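In terms of my numbering, the sequence shown opens at residue 9 and continues consecutively. One structure is given here, and the rest of the page talks about it.
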Amino acid sequence: MRLDKLISSGGKYSRSDVKKLIKQGLVVVNGKVAKTSDEKVDPDSAEVLINGEVFLYKPFIYIMLNKPQGVVSATDDKVHKTVLDLVPPELNRPGLFPAGRLDADTTGFVLITDDGDFAHRILSPKNHVEKTYEAELKEPIKKEDIEKLEQGITLKDGFTCLPAKIIPISEKFVRIIICEGKYHQIKRMFGATNNKVLSLKRVQIGGLPLDIDLKPGFCREITQEELREITTKNST
Ligand code: URA
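This is the structure:
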């Protein structure tokens with residue numbers, strides 16, 4: 009991999025910053041001062057120092073965003089702010105995308121990454137990575153509706169959902185846990201019980217809860233340990 013690509017993947021320096029650092033003799037690769045930014049380096053084994061500090065190469069990045077209302081889960085949008093617009097420069101790198109979409113009016117946990125395989129793993133219903141939401145409902149939830157949702161409710165378009173888990177918190181406020189991510193899925197699931205979702209927040213992906221200290225609109229990097237919690241633990 010080119011040296012400038014490797015260093016700029018860290019998010020702190022752009023390729024032109026790397027060029028300047030190299031010109032100033034501040035980049036050392038495997039004990040030798042780097043001369044050009046197109047120098048080829050092995051990302052897995054190269055020891056890179058920038059201004060005397062060890063540079064740690066991360067092949068992929070995983071970011072937790074607490075999405076506020078009104079922001080769209082897209083990489084690009086001419087009108088609305090996107091989830092990528094909320095990623096701070098130090099976490100930004102090419103190829104980022106949201107692993108799963110929330111509606112513009114849904115808030116909470118969006119995982120942003122550049123790791124396509126990981127995204128596929130957590131999104132495919134086959135892998136049973138649970139997504140936990142909190143839903144505020146217009147009408148009190150009925151026992152028979154909980155049963156229908158937990159058995160696998162059939163939507164108005166005929167699609168039958170996988171069984172969901174419902175944890176009632178109060179009569180109009182529930183936790184709902186699903187492994188699928190169809191368009192407007194939870195709103196349509198409650199619609200099929202003749203109820204309406206007034207507000208929706210994703211609070212957990214797999215075994216990893218949304219960080220309660222992360223204010224709406226803010227991001228932080230997900231640690232390797234937390235990453236494992238997503239795929240190895242369940243929501244409940
Ligand atoms: N289900 C919905 O209806 N909307 C979302 O944003 C996520 C799940």
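Glycine included, each C-beta is placed from N, C-alpha and C at the ideal position. Note that the structure is predicted; figures quoted are calculated from it, not measured.
Practice task
Spatial neighbours of F68 within its chain, please: CB distance less than 8 angstroms, with the 5 preceding and 5 following residues excluded, ordered by chain position.
Solution key: T121, D122, D123, F126
Handout entry: Residue interval of the alpha helix (DSSP H) (run including K150)
Key = Neither: K150 is in no alpha helix (DSSP H) and is coded neither H nor E.
Handout entry: Length at least 3, wholly inside the stretch 173-218: the beta strand (DSSP E) runs in chain order
Key = 173-178, 181-186, 205-213
Exercise for the section: Spatial neighbours of Q159 within its chain, please: CB distance less than 7 angstroms, with the 5 preceding and 5 following residues excluded, ordered by chain position. Expected result: P171
Practice task
Spatial neighbours of E98 within its chain, please: CB distance less than 7 angstroms, with the 5 preceding and 5 following residues excluded, ordered by chain position.
Solution key: G19, K20
Problem - F183 to L208 span [Cα, whole Å] - result: Position check: residue 183 holds Arg in this sequence, whereas Phe was assumed. Straight-line Cα distance between these residues: approximately 10 angstroms.
Practice task
Could you tell me how far apart the beta carbons of D275 and M9 are, in whole angstroms, since I believe they sit closer than 8 angstroms?
Solution key: In this structure the chain extends from 9 to 244, so residue 275 is not present and cannot be described.
Exercise for the section: Report the option in I15, D52, K89 whose CA atom is closest to the CA atom of E61. Expected result: E61 has its Cα closest to that of I15, out of I15, D52, K89.
Practice task
Would you check whether ligand 3 has a heavy atom nearer than 7 angstroms to the C-beta of T114?
Solution key: Of the ligands one can find in the structure shown, namely ligand 1, none is ligand 3.
Practice task
Could you please give the first and the last residue of the uninterrupted beta strand (DSSP E) stretch that includes K26?
Solution key: It should be noted that the sequence gives Val, not Lys, for residue 26. V26 -> not in any beta strand (DSSP E); alpha helix (DSSP H) instead, spanning 23-31.
Exercise for the section: Return yes when at least one heavy atom of ligand 1 lies under 7 angstroms from the C-beta of L73, else no. Expected result: No, the Cβ of L73 stays beyond 7 angstroms of every heavy atom of ligand 1.
Exercise for the section: Assign P106 to one of two classes, buried (16 or more other C-beta atoms within 10 Å of its C-beta) or exposed (fewer than that). Expected result: buried
Problem - Neighbour-count burial assignment, K75, 16 or more Cβ in a 10 Å radius - result: buried
Handout entry: Residues sharing a beta bridge with V250, DSSP
Key = With the chain covering 9 to 244 only, the question about residue 250 has no answer from this structure.
Exercise for the section: Can you grab the Cα-Cα spacing for the pair V91 / V137, in whole Å? Expected result: When rounded, the distance between both Cα atoms is 22 angstroms.
Practice task
Would you check whether ligand 1 has a heavy atom nearer than 7 angstroms to the C-beta of Q193?
Solution key: yes
Exercise for the section: Would you mind giving the Cβ-Cβ distance between R210 and G78, rounded to the nearest angstrom? I have them listed as a contact below 8 angstroms. Expected result: The C-beta distance from R210 to G78 rounds to 16 angstroms, too long to meet the 8 angstroms contact threshold.
Exercise for the section: Report yes or no: do the stretch 128-142 and the stretch 150-164 share at least 3 C-beta pairs separated by less than 8 angstroms? Expected result: no
Handout entry: Exposure label - V87; buried when at least 16 CB within 10 Å
Key = exposed
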